[in-house]
Amino acid sequence: MPHGKEKEEEGYHSQRLMSIIDSALDHAGKGSKQVVLDYLHVRYGMNVDLVLQFKEEFENYLRETLGHSAEIIISRINENLRNAASLAAEEAAPSREGKKEKRTKEEEDLRSRIADVVHFLICDSCFWCASILRERYESRCQSCGREITSAIPVMHNERFVYEVDKRRGITLSFRQQR
4 MPHGKEKEEE
14 GYHSQRLMSI
24 IDSALDHAGK
34 GSKQVVLDYL
44 HVRYGMNVDL
54 VLQFKEEFEN
64 YLRETLGHSA
74 EIIISRINEN
84 LRNAASLAAE
94 EAAPSREGKK
104 EKRTKEEEDL
114 RSRIADVVHF
124 LICDSCFWCA
134 SILRERYESR
144 CQSCGREITS
154 AIPVMHNERF
164 VYEVDKRRGI
174 TLSFRQQR
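To convert, take the position in the sequence shown, counting from 1, and add 3; that gives this note's numbering.
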């Protein structure tokens, strides 16, 4: 049974997981979001270890409950969990001076939003596309859930323009910014 600091950490991780799932469910709508959150409380008690241990079961529940929207939510939850894990690993790793680095919220927001490379993603199956302003991105289509194989880096001094012709042909062009 956890004591003191372990219990505080467990509470923090449970709150963090709840926050990740809660923000990913914003896409589902208020009613669906509440149904899923109630399910998590009843089924797993929002215990991080149980949710992660039965992650596949939870994902199947989302698919049954939310249909095609579940894939978007699952990919957002997975992306947020990976980002949280990498951030925790960065904070736990000692810096050059042997001390843990402390970052302000503003610095962390800037760090996660601004990258030298923007990726233009396009799904080869359904032609969903997006510009991703991070170096890391989800490799699944946010629309159909298939793996994205077309990710084109856009350098910081470039911009891209896409045009759709009468036959629904797509032209993507890159230009240097002046």
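Yeah, the Cβ is synthetic: ideal placement off N, Cα and C, and Gly gets one too.
In this model, lysine 169 and leucine 175 are separated by some 15 Å (Cα to Cα). Inclusion of valine 167 and phenylalanine 123 in the CB contact set at 7 Å is not warranted, their separation being larger than that value. Note on the stretch 148-180: there is no whole alpha helix (DSSP H) run with a minimum of 4 residues. If you compare the alpha carbons of Arg19, Tyr165, Arg149 with that of serine 134, the shortest gap goes to Tyr165. Under the DSSP assignment, cysteine 132 falls in the beta strand (DSSP E) whose first and last residues are 132-135.
Collapsing the DSSP output to three states places histidine 44 in a helix. Check the Cα spacing between histidine 44 and each of Ile24, Asn81, Ile75, Asp29: the tightest is with Ile24. Assignment of phenylalanine 61 by DSSP, reduced to helix, strand and coil, places it in the helix class. Around the beta carbon of glutamate 74, a 10 Å sphere encloses 16 or more other beta carbons of the protein chains shown; the residue is thus reported as buried. Per the C-alpha coordinates, the member of Cys132, Asn160, Arg162, Glu161 positioned closest to threonine 152 is Cys132. The C-beta of cysteine 129 has fewer than 16 other C-beta atoms within 10 Å across all chains shown, which makes the residue exposed.
Assignment of beta-bridge partners to isoleucine 125 by DSSP yields Cys132, Ser153. Taking a contact as a CB-CB distance under 8 Å, the pair alanine 87 and arginine 19 counts as one, their CB atoms being some 6 Å apart. The straight-line gap separating the alpha-carbon atoms of glutamate 82 and glutamate 67 is approximately 21 Å. According to DSSP, residue pairing for arginine 143 in a beta bridge involves Glu150.
Counting only the Cα atoms, isoleucine 76 lies some 10 Å from glycine 148. With contacts defined by Cβ atoms closer than 7 Å, leucine 28 and valine 38 do not form a contacting pair. With respect to the 7 Å criterion, serine 89 and arginine 143 are not classified as neighbours on the basis of their beta carbons.
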